[in-house]
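**Student:**
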Amino acid sequence: MDCRQIEFSPEKSRTRIDKALLVFPHKSLMFILGYTLYLLGAKRKEAAALAGMPEESVKTALRRVFRDGFPALHDRRFSMTPSGRYAAERPRISVYRQGDDCIVDFGANGNTVRLPADHQVQVRTVVLSLLNAGVLTVPESASALGLTGTHCRELARKLVNGDVADALIDKLVGQKQDYRVGPEQKAEIIRQLAARAMAGHNTSSEILAEQVNEQTRSKLSARTIRWHIRNLGLTDIRKTLPPLVEALKKTPANRC
DNA sequence: AGGCGACTCCACCATGCCAA
DNA sequence: TTGGCATGGTGGAGTCGCCT
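Quick note on numbering: the first sequence equals residues 1 to 256 in this note's numbering.
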């Protein structure tokens, strides 16, 4: 928006600001002015100077407003609602840990919600939703969730932008691949087990470990061989493979 | 706010011990 | 000889704190 053609009157500005101060807290009003100047294209530093605010405060406030919208215009360190009414007029909601539970206390009417603290997703959903609604503070929420303020804000922001599954459910997946018994070793376990079972040779895990280690230049223990035989579903192959092969031998190849 | 390194946590893997 | 159980190792994502 190009406002360079507009004429500004310092006298009218003073009168109007004095009038606005009857309704708005000084700090909120100064920030609204600075925010407006910033939106109109003023440099952040100059907008901050004109509004009489430290530049760092303006940076923080702008970040808040772009994230939270209009409710972020007021200074959250003070219990003042965006409309200018003090929060004390309505029941103060708080959250805290009590033993194994997380308690959300709805204030004067005595209503509370008790959530098992180890139900992490449930607790985070409730607390962060209340934080996003502006009824809980970040330190209070972070303390109840056992997180730092920074991380708490980050999760709250994610919950605004996405559903619970995207924002709060742990996506840790752990190790996905074997690191000693790879495809080569697994193939050799199957090959040795099947061949020895068919030939009627010893198929104990000790013998198989020896053979697999020799063929693949590995150092696997017999216990590891047993663990993988079971994991691959080969436990009964010693008994079932020979009769299957005998049955197949008696069936003409073109019928298979 | 964003980048980065260190640390934590999680799921899975490897293996020793030992009872059956 | 097998398989249940316990324990420690591993890779990778999440989390934290510091710095810019």
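The beta-carbon is built from N, C-alpha and C at its ideal position, and this holds for glycine as well.
Considering only residues of the same chain and omitting the five flanking positions on each side of Arg90, which have a CB-CB separation below 6 angstroms?
**Tutor:** The residue labelled residue 90 in the question sits at position 90 within the first sequence. Reliability fails at Arg90, whose pLDDT of 41 lies under 50, so the model's placement of it is uncertain and the value that follows must be treated cautiously. Result list for Arg90: empty, nothing under 6 angstroms.
**Student:** Keeping to the same chain, check which residues put their C-beta closer than 8 angstroms to that of Ala253; ignore five residues upstream and five downstream.
**Tutor:** If you number the first sequence from 1, residue 253 lands on position 253. Contacts found: none.
**Student:** Is there contact between the region 133 to 152 and the region 180 to 194, where contact requires at least three CB pairs shorter than 8 angstroms?
**Tutor:** no
**Student:** What residues in its chain sit with their C-beta under 8 angstroms from that of Ile190, if we drop five residues either side in the sequence?
**Tutor:** Position 190 of the first sequence holds residue 190. Answer for Ile190: Leu232 and Leu234, listed in chain order.
**Student:** Kindly give me the distance between the Cβ atoms of Thr216 and Glu188, rounded to whole angstroms, as I take these residues to be in contact under 8 angstroms.
**Tutor:** By one-based count along the first sequence, residue 216 stands at place 216. By one-based count along the first sequence, residue 188 stands at place 188. Their Cβ separation, rounded to whole angstroms, is 5 angstroms, which keeps Thr216 and Glu188 in contact under 8 angstroms.
**Student:** Who pairs with Thr112 in a beta bridge, going by DSSP?
**Tutor:** Here residue 112 is taken as the residue at index 112 of the first sequence, counted from 1. In the DSSP output, where bridge partners are listed per residue, Thr112 has Asp105.
**Student:** Does the beta-carbon of Ala142 have 16 or more other beta-carbons within 10 angstroms, so that it is buried, or is it exposed?
**Tutor:** Working through the first sequence from its first residue, we reach residue 142 at position 142. It is buried - the Cβ of Ala142 has at least 16 other Cβ atoms within 10 Å.
**Student:** Could you check whether Glu206 and Ala222 sit closer than 9 angstroms to each other, using their CB atoms as the reference points?
**Tutor:** Here the question's residue 222 lines up with position 222 in the first sequence. Here the question's residue 206 lines up with position 206 in the first sequence. In contact: Ala222 and Glu206 (Cβ atoms closer than 9 angstroms).
**Student:** Using only CA atoms, which one of Leu131, Ala144 and Val212 lies nearest to Lys158?
**Tutor:** Indexing the first sequence from 1 puts residue 158 at position 158. Among Leu131, Ala144 and Val212, the Cα nearest to that of Lys158 is on Leu131.
**Student:** Specify, as a first and last residue, the run of the beta strand (DSSP E) that Val95 falls within.
**Tutor:** Here residue 95 corresponds to residue number 95 of the first sequence, with the count starting at 1. Segment Ser94 to Gln98, the beta strand (DSSP E) holding Val95.
**Student:** To the nearest angstrom, how far is it from the Cα of Gln192 to the Cα of Leu248?
**Tutor:** Your numbering for residue 192 matches position 192 in the first sequence. Your numbering for residue 248 matches position 248 in the first sequence. Taking the straight line joining both Cα atoms gives about 20 angstroms.
**Student:** For Lys239, which option in Gln122, Leu147, Arg196 and Ser9 has the closest C-alpha, if you only look at C-alpha atoms?
**Tutor:** The residue you call residue 239 lines up with position 239 of the first sequence. Among Gln122, Leu147, Arg196 and Ser9, the Cα nearest to that of Lys239 belongs to Arg196.
**Student:** State the Cα-Cα distance for the pair Asp50 and Lys12, rounded to the nearest angstrom.
**Tutor:** By 1-based counting over the first sequence, the position of residue 50 is 50. By 1-based counting over the first sequence, the position of residue 12 is 12. The displayed chain sequence assigns Leu, not Asp, to residue 50. Going from the Cα of Leu50 to the Cα of Lys12 covers about 16 angstroms.
**Student:** Suppose you measure from the CA of Thr112 to the CA of Gly34; what does that come to, to the nearest Å?
**Tutor:** Along the first sequence, one-based indexing puts residue 112 at 112. Along the first sequence, one-based indexing puts residue 34 at 34. So the alpha carbons of these two residues sit roughly 41 angstroms apart.
**Student:** How would you label Tyr96, buried or exposed, when you count the other beta carbons within 10 angstroms and need 16 or more for buried?
**Tutor:** Along the first sequence, read from residue 1 onward, the residue named residue 96 stands at position 96. That one is exposed.
**Student:** On a CA-only basis, which of Val126, Arg16 and Gly146 is nearest Phe106? Give me that one, please.
**Tutor:** Sequence index remark: in the first sequence, residue 106 carries index 106 (1-based). Closest option to Phe106, Cα to Cα, is Val126.
**Student:** Helix, strand or coil for Val181, going by three-state DSSP, please let me know.
**Tutor:** By one-based count along the first sequence, residue 181 stands at place 181. Val181 falls in the coil class under three-state DSSP.
**Student:** Quick check: what's the CA-CA separation for Tyr38 versus Ile17?
**Tutor:** Your numbering for residue 38 matches position 38 in the first sequence. Your numbering for residue 17 matches position 17 in the first sequence. Cα to Cα, Tyr38 sits roughly 18 angstroms from Ile17.
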